[in-house]
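Structure first, then comments.
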Amino acid sequence: MATRKTASRAASAPNVSKDDLLAYYRDMLLIRRFEEKAGQLYGMGLIGGFCHLYIGQEAVVVGLEAAAKEDDKRVTSYRDHGHMLACGMDPNGVMAELTGREGGYSKGKGGSMHMFSKEKHFYGGHGIVGAQVPIGAGLAFSDKFKGNDNVTFVYFGDGAANQGQVYETYNMAELWDLPVVFVIENNQYAMGTSVSRSTKSKTLWERGAAYGIEGEEVDGMDVLAVKEAGERATAHCRAGKGPYILEVKTYRYRGHSMSDPAKYRTREEVQKMREERDPIEGVRAILLTGNHASEEDLKAIDKEIKDIVNASAEFAKESPEPALDELWTDIYADEIPQENA
């Protein structure tokens, strides 16, 4: 079995177009500003329950969506707002769901951790650690059964990587050559314990070797490196070679959730990462130094994004709360669709 480990790509010489770079910058900035606004609304009491922000990890999902095609699927954990926005879900619907309003993707009944979009092939954030991994294999099994070349991206964290159901799924995925990319978003702290304290093995992707699964480690703070790795992974799956593992080394700037003070790491550590490795600033530097965009161009994009995010917050505030009779809807399917024989 061939495996490989990749270093961070030299972002100063990207093999991508100006339009691609601007799109990645815009998409990452949308996630960043949206999550900042969600944090504000949580502090104001407009978002209840749990709220896990994606700030710092934007390059992971934006890079992988750049490697996806229209009918590919994705499923993830409860840190899911970035994944929704990256696959094209409407910020208004996402913010309305966060605030428990009728205009949300789950009619205000799912909140931060439970959203779904059949149209965008987004099969949910999931509140149970690791539960989305076998679900993702099931989605991939469906495509394998139908004989198309779609790929399913299954996102989970370094904490979930120690769950037994992950390895049961690895085994089945390799046995059945399922077209699934297992994406380990290794932000190094799980819920609040560093990988060095919780995990004996030095890498997480290499655990797939026990099942014959190929994979690699990727610099998750470099959107171009993630895109390239995503293209290798999806090509592998689309060629019928079975699953692939990407361990994407990333970093979240905020705590595990809004209620986490993150005292298990120093402020200096977080600040150093922000100053030296920020994924958005990395693309911004390429755009400016390569004369692909001016400061004014980027300021215009920032204003556009802020307007979109502010509009989503206003939409959420104005959307009514779900009616009480919504408690009894969407519990059972009215009819079960069957594939034509």
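Going left to right, the sequence shown walks through residues 1 to 341 as full-length UniProt numbering numbers them.
Ideal Cβ placement from N, Cα and C applies to all residues, glycine included.
Query, Result
"Cα-Cα separation between GLU314 and GLU102, rounded to whole angstroms", "14 Å"
"Continuous beta strand (DSSP E) stretch holding ALA124: start and end", "In the sequence under discussion, the amino acid at residue 124 is Gly, which differs from the Ala named in the question. Looking at the DSSP string, the run of the beta strand (DSSP E) that includes GLY124 is 122-125."
"Within the segment 36-122, ranges of the beta strand (DSSP E) (whole runs, at least 3 residues)", "73-76"
"Test item: CB-CB of VAL129 and VAL154 under 8 Å", "no"
"Contained alpha helix (DSSP H) runs [length at least 4] in the segment 157-184, N- to C-terminal order", "164-175"
"In DSSP terms, what PHE153 is bridged to", "ARG74 and VAL181"
"Cα-Cα separation, ASP334 to ASN291", "56 Å"
"One or two residues paired with ILE245 in a DSSP bridge", "PHE182 and GLY215"
"Own chain, CB closer than 7 Å to GLY49, minus 5 neighbours either side, in chain order", "GLY111 and SER112"
"Proximity winner among TYR42, GLY192, ILE55 and LEU327, relative to ALA96 (alpha-carbon distances)", "TYR42"
"Burial state of ASP158 (16 or more Cβ within 10 Å)", "buried"
"GLY290 - DSSP class collapsed to helix/strand/coil", "coil"
"Burial state of PHE122 (16 or more Cβ within 10 Å)", "buried"
"Endpoints, the alpha helix (DSSP H) within which GLY230 is located", "223-238"
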